[in-house]
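K.L.:
Numbering (the UniProt record's numbering), first residue to last: 1 to 281.
Shown next, in the form of structure tokens:
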């Protein structure tokens, strides 16, 4: 199933996007028990949602009638991974890391599918990084890679907006957390619907031009390995996000560098997961 948060006629809600591009409104049916999508994830409301969707013969309204919201209306921890593709590490001037490089992105840095990025006024070096993100289905601590699949709710698309001069000359956290510089969505697609990731690919386009394209099998650290590593040093909560890193082709490594400009559309396309689209303003 494809879960999303949205606003429709002035009311915030969440639901499931059907194959016919209509939405089954779960908020109106399950809201007393699960007020938001995050609460559904944390309270293991998947079966309740499935029964509602199966019972609904038609959607409540069309996708074109809603405005997407970020997946969650409440804050969660967003763990991001750097240098997780060997070719990207090489283009950045690094050897493949021996262990995952992680940092945290704050919710204020994120917008939803269809919402505008805010181009930084403090720097011209606003760069793109297309990624797949994994959503945790339950709390996780000291999880082994072989057991990690039990903790995966699903996947979504992620654009890790990066302000390179702040990232490289000041601190990583500053460069990765500019206001409304990144995005997530459009949907949380359940793991059973996506299936194995190995042969799937990710593509990033800027102004219609393909900038990044790679298969997930080329990750240095697989998603189960990332869950094992991160859950060893901190507690993960149901609903938390792990953005798994970007492949080669980012703007700063190009000659000349290719940074994002006002008016450009950025698209992150993940096989079987979706298309995340945002405009730079």
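Think of the CB as a built atom: it goes at the ideal place given N, C-alpha and C, for glycine as much as any other residue.
Taking the DSSP output, what are the residues bridged to residue 253?
P.N.:
Position 253 of the chain shown, counted from the first residue, corresponds to residue 253. Answer by DSSP bridge pairing: none, since residue 253 is not bridged.
K.L.:
Would a C-beta distance cut-off of 7 Å place residue 106 and residue 134 closer than the cut-off?
P.N.:
Here residue 106 is taken as the residue at index 106 of the chain shown, counted from 1. Here residue 134 is taken as the residue at index 134 of the chain shown, counted from 1. No.
K.L.:
Indicate the three-state DSSP secondary structure (helix, strand or coil) for residue 122 in the structure shown.
P.N.:
The count along the chain shown starts at 1 and reaches residue 122 at position 122. Secondary structure of residue 122 (DSSP, three-state): coil.
K.L.:
Can you tell which of 176, 170, 99 and 150 has the C-alpha that lies nearest to the C-alpha of residue 162?
P.N.:
What you label residue 162 is simply residue 162 of the chain shown in a count that begins at 1. Comparing Cα-Cα distances from residue 162 to each of 176, 170, 99 and 150, the minimum goes to 176.
K.L.:
At 3 residues or longer, and completely inside the stretch 174 to 221: list those beta strand (DSSP E) runs for me, N to C.
P.N.:
182 to 190, 201 to 206 and 209 to 215
K.L.:
How would you label residue 93, buried or exposed, when you count the other beta carbons within 10 angstroms and need 16 or more for buried?
P.N.:
Working through the chain shown from its first residue, we reach residue 93 at position 93. Looking at its Cβ environment, which holds fewer than 16 other Cβ atoms inside 10 Å, residue 93 is exposed.
K.L.:
Consult DSSP for residue 259 and reduce its assignment to one of helix, strand or coil.
P.N.:
One-based indexing of the chain shown puts residue 259 at position 259. Correct three-state label for residue 259: coil.
K.L.:
Compute the minimum distance between the beta carbon of residue 199 and the heavy atoms of the ligand SAH, and state whether it is under 6 Å.
P.N.:
With respect to the ligand SAH, the structure offers nothing, as it holds no ligand at all.
K.L.:
For the stretch 39 to 115, which segments carrying the alpha helix (DSSP H) assignment without a break, of at least 4 residues, lie completely within its bounds, in sequence order?
P.N.:
For the stretch 39 to 115, whole alpha helix (DSSP H) runs of length 4 or above, ordered along the chain, are 46 to 55 and 86 to 91.
K.L.:
With DSSP as the reference, label residue 34 as helix, strand or coil.
P.N.:
Working through the chain shown from its first residue, we reach residue 34 at position 34. DSSP places residue 34 in coil when its eight states are reduced to three.
K.L.:
Compute the Euclidean distance between the alpha carbons of residue 156 and residue 222, then round it to the nearest angstrom.
P.N.:
As a working note, residue 156 is residue 156 in the chain shown. As a working note, residue 222 is residue 222 in the chain shown. For residue 156 and residue 222, the distance between alpha carbons rounds to 16 Å.
K.L.:
Comparing C-alpha positions only, which one of 38, 66 and 219 sits nearest to residue 343?
P.N.:
Here the chain comprises residues numbered 1 to 281, so residue 343 is not present and cannot be evaluated.
K.L.:
Among 142, 129 and 207, whose alpha-carbon lies nearest the alpha-carbon of residue 270?
P.N.:
Taking the chain shown and counting its residues from 1, one reaches residue 270 at position 270. Checked all of 142, 129 and 207; the closest Cα to residue 270 is 129.
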